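Novice: Here the protein sequences come in this chain order: A and R.
Numbering-wise (my numbering), the first sequence opens with residue 637 and increments by one.
Numbering-wise (my numbering), the second sequence opens with residue -11 and increments by one.
From the three backbone atoms N, C-alpha and C, an ideal C-beta is built for every residue, glycine too.
Predicted model only: the values in this text are computed from it and were never measured.
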Amino acid sequence: MRSKLNPQWNTRMRPFTRAGMKRLALIVALCCAYAMVVWAQSQAVDPGPRSGPAAAGGKIAGMTANQSTEFISFKSLFGEVNDPTQPFGLGPGFDSISCSNCHAFPATGGSSPASNPLLNVYQLNGATNTLPFFITSSAPVVVARSPFQADGVTSDGHVNQLFTIAGRSDAAGCTAVQPDFASLAAANNLIFRQTTPVFGSGLMELIQNSDIIANMNANVTLKQSLGISGHTNIARDGTIMRFGWKAQARSLALFSGEAYNIEEGVTSELSPNEINQTPGCVINAFPEDHTFFDLLADNLPPASEYPGEPPSSLPNFMRFLAAPTPVKPNADTTNGQTQFNNIGCVLCHTTSFTTPATSVAALSKITANLFSDLLVHHMGSCLADNVLQGSAQGDEFRSAPLWGIGQRLFFLHDGRTSDIVQAIEAHSCAASGKYGPSEANAVITSFNALSQTNQQAIVDFLRSL
Amino acid sequence: LFTIYTLNGATNKMPSFETSGGPVLVPMFVSDGMVHQLFTVTGRTDASGCTLSQPDFTTAAAAGNLVFRQPIPLFGDGFIDIIRDSDILANLNSNLASKQALGIGGRPNINHADNLIMRFGWKAGVKSLLEMAALEAQIHKGVTNDFFPNELDETAGCVFNPVPEDGNNYDVTDRTQPARDQFADDVHNAANFTRLLDQPVPAVALGTSVGQTQFNNVGCVLCHTQSFTTPNSTTLANGFNCRKGPCSNPVTINPFSDFVLHHMGPCLADGIVDGDAQGDEWRTAPLWNVGQRGFFLHDGRTRDIVAAIQAHSCAGNATYPPSEANAVIANFNALTAANQQALVNFLRKL
């Protein structure tokens, strides 16, 4: 608590003026209020991830019979375990061996499971990888990015693949080496991003730009009074990007093409070249994942392989993955949502958007309760990771969609906490160094000023999502 | 464009920079780095109720905010798609002494998510044929797709289709030839057309002409690298796939480009930043088939290939350094008339 109290205290200390006595009284009052807040916030307790069956992972309602049939093959490719010698070959560099390996909890398509799956992956089939220091059994799955180029100054942000296929019995002759994570960390050039859940992302993908803009421009006076702004991250075509921790990906198709190569080393028509091109490690022809022009000649089973080619299959799986289902409200969680709205969480964690008329009927005109404005906001130096993506700056992050958060195990971009109360508090950060204050500061101050009951109600509401 | 801008009753005005004898030009605004579409569907009999107006290009031009890009030929792009990054870097790092002596640098345009080299477009800002096909469908035709699913302009009354307009046809159940082609979206089909489009065939045996010798000697070849060899590809030249390896089919291509960016000075600079590419940086334009090309340079400013060569030379100013090609162009100008002509003739035989 002290580390939080001091900066807050400092921001309230101002040079005494003619109104000195009056201001002093105000400071004393605020100080007392703050002491109560500290007491109060310590009383809100995260009940932990909601138990019971997964409230996510199923297919969206209203799919055609063919789509429902295809969903099964789309899902099987999302769960396919890759190895270096199969057509969709793992590596040379990789983070894990399948999509579902990390998109795992509370169901396929989700985020990091409780027990880190990478421990079962890194030495599979004789691979000689060592475990990076930040991968532990109880830690979330993360990817490792370097904010800077080798000079330590020029912005970069690329992902350093955690592992290589060197040593695997099915990758004889490969001698690729892992990045030196200890040195990157010592040079302050290593940051982490955890797995984002993809439930409901078929709806997010189609939300109209004009609706995102209209929501951004709603309640502007109130937002300004709380220090909240936020802006869009624009794609090359001029529309709004919305996937990823910094809203750096426009669509499921573009996201999956990049992710397939980065996370598993599978090249595709979207990302045709190997990231790790160590001689002796590149086993397959390029791109590994591609249109099957000679489907009949190959005599492949159509249902699983065409358009079972992953560039279509992986986005199609995500496209049809239903949004998480919240639990039925009770008095406590209903009050929690009221408090959530009243103190201003909802100003960025926008309750819902409605999709426009879409060519896939199951996704058309659906209200998506994602609890995000899909904008990026300054969150201050405490959360900043110094990675620039599109127009998102080093301290800017997309308002993380909160749907399904009731069954999420790790919070914030780097999964730094499993305690949702700490995740709330981590939204608060004073200006420091090159970054201004977090846009959430006033809202978190309001949260801390709530009664214990109301704080708990918000937490319970979140865990009901 | 003159046959389409008022098609079906559209009320578009032709922007002054599009001329019947000139190249097709795509306008971009420096202020936002974006393409601004030339026309709208307003007035068309099949778009009743839409009242979208065209961008104000006149005002943008007066403010110095308007720049142009002409279409890039796509022949051989399937090969460019899969040239290894390591080969591009090895070529960049070859002949360093010669390059440095002539003031030639160059750097790849890197995608900073995965560290891969982008290679398509005037500033090499696009990584793959597939992404390019998706982007162009959206930007140039307003066709939303699985990659760019929302309309650029959602003005009420002008959005006629559900989005995305181009996507998988899930209800095609017969996956046999040719019905299976109907399952794929048009973006994949367009990309695959480009993928299978062969490289251009020169009208001269490469490596034999006086002109090419001059081209090499004066240093053109230091950026306009003659050839790369693709790695094993899953797409075979016969349009079938290599899946049940090993099937070795590396192809040597002659694109005459190093696929990296070079500073070309303020004379060619357009002020558009694209990935790592700054306002004065351009990808070395592949020269294959330049012999049958009508317009040169990114904005098609000349039809004269000699003028295009000379436009590579430019002194620096307060904003941009001098062109990296200056010493090479000085070498060109120092050649005899016969050798200059031989070089030009060589280019026109590509």
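Give the secondary structure of Ile(-8) of chain R by DSSP, where H, G and I count as helix, E and B as strand, and everything else as coil.
Specialist: Residue mapping note: residue -8 of chain R aligns to position 4 of the second sequence, counting from 1. Reduced to three states, the DSSP call for Ile(-8) of chain R is coil.
Novice: Between which two residues does the beta strand (DSSP E) containing Asn1086 of chain A stretch?
Specialist: Against the first sequence, residue 1086 of chain A aligns to sequence position 450. According to the sequence shown, residue 1086 of chain A is Leu rather than Asn. That residue, Leu1086 of chain A, is in no beta strand (DSSP E); it is neither H nor E in DSSP.
Novice: At 3 residues or longer, and completely inside the segment 752 to 815 of chain A: list those beta strand (DSSP E) runs for me, N to C.
Specialist: Runs of the beta strand (DSSP E) inside the segment 752 to 815 of chain A: 778 to 781.
Novice: Should Leu140 of chain R be flagged as near chain A, meaning a C-beta pair shorter than 7 Å?
Specialist: Numbered from 1 along the second sequence, position 152 holds the residue referred to as residue 140 of chain R. Answer yes: the Cβ-Cβ gap between Leu140 of chain R and chain A drops below 7 Å somewhere.
Novice: Going by the CB atoms, is the gap between His24 of chain R and Pro15 of chain R shorter than 7 Å?
Specialist: As a working mapping, residue 15 of chain R is identified with position 27 in the second sequence. As a working mapping, residue 24 of chain R is identified with position 36 in the second sequence. A contact, by the Cβ cut-off of 7 Å.
Novice: Quick one, which residues of the segment 834 to 845 of chain A are near chain R if we go by CB-CB under 7 Å, in chain order?
Specialist: Of all residues in the segment 834 to 845 of chain A, Glu841, Leu842, Gln844 and Asn845 have a Cβ within less than 7 Å of some Cβ in chain R.
Novice: How long is the line joining the alpha carbons of Gly1016 of chain A and Asn237 of chain R, rounded to whole angstroms?
Specialist: In the first sequence, counting from the first residue as 1, residue 1016 of chain A sits at position 380. In the second sequence, counting from the first residue as 1, residue 237 of chain R sits at position 249. Distance between the alpha carbons of Gly1016 of chain A and Asn237 of chain R: 52 Å.
Novice: Identify which residue in R:Ala315, R:Pro137, R:Val29 and R:Trp110 has its Cα closest to the Cα of Glu269 of chain R.
Specialist: Within the second sequence, residue 269 of chain R is the residue found at index 281, counting from 1. Looking at the Cα atoms, R:Trp110 is the closest of the given residues.
Novice: By the criterion of Cβ-Cβ separation under 8 Å, what are the contact partners of Ile241 of chain R in chain A?
Specialist: Here residue 241 of chain R refers to the residue found at position 253 of the second sequence. Result: empty, since nearest Cβ-Cβ is about 14 Å, beyond 8 Å.
Novice: Can you give the Cα-Cα distance for Arg659 of chain A and Gly130 of chain R, rounded to whole angstroms?
Specialist: In the first sequence, the residue the question calls residue 659 of chain A occupies position 23. In the second sequence, the residue the question calls residue 130 of chain R occupies position 142. Low per-residue confidence applies at Arg659 of chain A: pLDDT is 47, beneath 50, and the placement is therefore not dependable, though the value from the model is reported in the following sentence. One C-alpha to the other measures close to 59 Å.
Novice: Determine the contact status of Gly64 of chain R and Arg32 of chain R, defining contact as a CB-CB distance below 7 Å.
Specialist: Locating residue 64 of chain R in the second sequence gives position 76, counting from the first residue. Locating residue 32 of chain R in the second sequence gives position 44, counting from the first residue. No. Outside cutoff.
Novice: I think Gly199 of chain R touches Asn333 of chain R, with their Cβ atoms under 8 Å apart; what is that distance to the nearest whole Å?
Specialist: Counting from one through the second sequence, the residue named residue 199 of chain R turns up at place 211. Counting from one through the second sequence, the residue named residue 333 of chain R turns up at place 345. Right, the Cβ-Cβ distance comes to about 5 Å (below 8 Å), so this counts as a contact.
Novice: Express the C-alpha separation of Ala257 of chain R and Pro243 of chain R in angstroms, rounding to a whole number.
Specialist: Within the second sequence, the letter at position 255 stands for residue 243 of chain R. Within the second sequence, the letter at position 269 stands for residue 257 of chain R. The alpha-carbon atoms of Pro243 of chain R and Ala257 of chain R are separated by roughly 23 Å.
Novice: Are Asn305 of chain R and Pro274 of chain R close, meaning C-beta to C-beta below 7 Å?
Specialist: Here residue 305 of chain R refers to the residue found at position 317 of the second sequence. Here residue 274 of chain R refers to the residue found at position 286 of the second sequence. No, they are not a contact pair.
Novice: Flag Gln722 of chain A as yes if its beta-carbon sits less than 7 Å from any beta-carbon of chain R, otherwise no.
Specialist: Numbered from its first residue, the first sequence carries residue 722 of chain A at position 86. Chain R contact via Cβ: absent.
Novice: If you scan the segment 854 to 891 of chain A from start to end, which runs of the alpha helix (DSSP H) of 4 or more residues do you find wholly inside it?
Specialist: With a minimum length of 4 residues, the continuous alpha helix (DSSP H) runs that stay inside the segment 854 to 891 of chain A are 856 to 861.
Novice: When the Cβ atoms of the segment 891 to 907 of chain A are set against those of the segment 730 to 744 of chain A, are three or more pairs found closer than 8 Å?
Specialist: Result yes; three or more Cβ-Cβ pairs closer than 8 Å.
Novice: Tell me the DSSP secondary structure of Gln722 of chain A in three-state form.
Specialist: Here residue 722 of chain A refers to the residue found at position 86 of the first sequence. Coil.
Novice: Quick test of your reading: Pro783 of chain A and Ile827 of chain A, contact by CB under 8 Å. State the CB separation rounded to the nearest angstrom.
Specialist: Numbered from its first residue, the first sequence carries residue 783 of chain A at position 147. Numbered from its first residue, the first sequence carries residue 827 of chain A at position 191. With a Cβ gap of about 6 Å, Pro783 of chain A and Ile827 of chain A count as contacting.
Novice: Roughly how far, in whole angstroms, is the beta-carbon of Leu1019 of chain A from the beta-carbon of Ala1059 of chain A, given that I think they are within contact range, below 8 Å?
Specialist: If you number the first sequence from 1, residue 1019 of chain A lands on position 383. If you number the first sequence from 1, residue 1059 of chain A lands on position 423. Not really, about 10 Å apart at Cβ, beyond 8 Å.
Novice: Hey, Val834 of chain A and Met954 of chain A are a contact pair by Cβ (cut 8 Å); roughly how many whole angstroms apart?
Specialist: Reading the first sequence from its first residue, position 198 is the one you call residue 834 of chain A. Reading the first sequence from its first residue, position 318 is the one you call residue 954 of chain A. Correct: roughly 5 Å between the Cβ atoms.
Novice: Determine the closest residue to Leu(-11) of chain R out of R:Ser19, R:Thr28, R:Asp246 and R:Leu40, with distance taken between C-alpha atoms.
Specialist: Position 1 of the second sequence, counted from the first residue, corresponds to residue -11 of chain R. When only C-alpha atoms are compared, the closest one is R:Thr28.
Novice: Whole angstroms is fine: what's the gap from Asp719 of chain A's alpha carbon to Leu726 of chain A's?
Specialist: Along the first sequence, one-based indexing puts residue 719 of chain A at 83. Along the first sequence, one-based indexing puts residue 726 of chain A at 90. Whole-angstrom Cα-Cα distance: 5 Å.
Novice: With distances taken from CA atoms, which of R:Lys115, R:Tyr158 and R:Thr240 is nearest Pro188 of chain R?
Specialist: The residue labelled residue 188 of chain R in the question sits at position 200 within the second sequence. Of R:Lys115, R:Tyr158 and R:Thr240, the residue nearest in Cα terms is R:Thr240.
Novice: Can you give me, in chain order, the residues of the segment 260 to 273 of chain R that have a beta carbon less than 8 Å from any beta carbon in chain A?
Specialist: Against chain A - using a Cβ distance shorter than 8 Å - the segment 260 to 273 of chain R contributes no residues.
Novice: Do Ala812 of chain A and Ala802 of chain A have their C-beta atoms within less than 7 Å of each other?
Specialist: Numbered from 1 along the first sequence, position 176 holds the residue referred to as residue 812 of chain A. Numbered from 1 along the first sequence, position 166 holds the residue referred to as residue 802 of chain A. Result yes, Cβ atoms of Ala812 of chain A and Ala802 of chain A sit closer than 7 Å.
Novice: Less than 7 Å between CB atoms is the rule here; does Gly874 of chain A satisfy it with respect to chain R?
Specialist: Locating residue 874 of chain A in the first sequence gives position 238, counting from the first residue. Yes, contact with chain R.
Novice: Would Ala121 of chain R and Ala172 of chain R be called neighbours here (beta carbons separated by less than 7 Å)?
Specialist: In the second sequence, counting from the first residue as 1, residue 121 of chain R sits at position 133. In the second sequence, counting from the first residue as 1, residue 172 of chain R sits at position 184. No, Cβ-Cβ distance for Ala121 of chain R and Ala172 of chain R is not below 7 Å.
Novice: In whole angstroms, what is the alpha-carbon distance linking Leu13 of chain R and Tyr308 of chain R?
Specialist: Looking up residue 13 of chain R in the second sequence gives position 25. Looking up residue 308 of chain R in the second sequence gives position 320. The alpha-carbon atoms of Leu13 of chain R and Tyr308 of chain R are separated by roughly 24 Å.
Novice: Assign Val673 of chain A to one of three DSSP states: helix, strand, or coil.
Specialist: Counting from 1 along the first sequence, the entry for residue 673 of chain A is found at position 37. Note on Val673 of chain A: pLDDT 44, under 50, position unreliable in the model; the coordinate value appears next. It is helical.
Novice: Run through chain R and tell me which residues come within less than 9 Å of Asp792 of chain A, C-beta to C-beta.
Specialist: Translated into the one-based positions of the first sequence, residue 792 of chain A becomes position 156. Neighbours of Asp792 of chain A on chain R, chain order: Ile98, His100 and Asn103.
Novice: According to DSSP, simplified to helix, strand and coil, what is Lys658 of chain A?
Specialist: In the first sequence, counting from the first residue as 1, residue 658 of chain A sits at position 22. Because the pLDDT of Lys658 of chain A is 48, which lies under 50, any placement of that residue in the model is unreliable, and the question is left without a value.
Novice: Just to confirm before moving on: does the CB-CB distance between Gln975 of chain A and Ile1094 of chain A stay below 7 Å?
Specialist: Within the first sequence, the letter at position 339 stands for residue 975 of chain A. Within the first sequence, the letter at position 458 stands for residue 1094 of chain A. Taking 7 Å as the Cβ cut-off, Gln975 of chain A and Ile1094 of chain A qualify as a contacting pair.
Novice: What residue does the alpha helix (DSSP H) around Val114 of chain R start on, and which one ends it?
Specialist: As a first step, residue 114 of chain R must be located in the second sequence, where it is residue number 126. From DSSP, Val114 of chain R is part of no alpha helix (DSSP H); its letter is neither H nor E.
Novice: Where does Lys695 of chain A fall in DSSP's three states?
Specialist: Against the first sequence, residue 695 of chain A aligns to sequence position 59. DSSP places Lys695 of chain A in strand when its eight states are reduced to three.
Novice: Output needed in chain order: residues of the segment 978 to 1008 of chain A with a Cβ under 8 Å from some Cβ in chain R.
Specialist: Listed in sequence order: Pro992, Ala993, Thr994, Ser995, Val996 and Ser1000.
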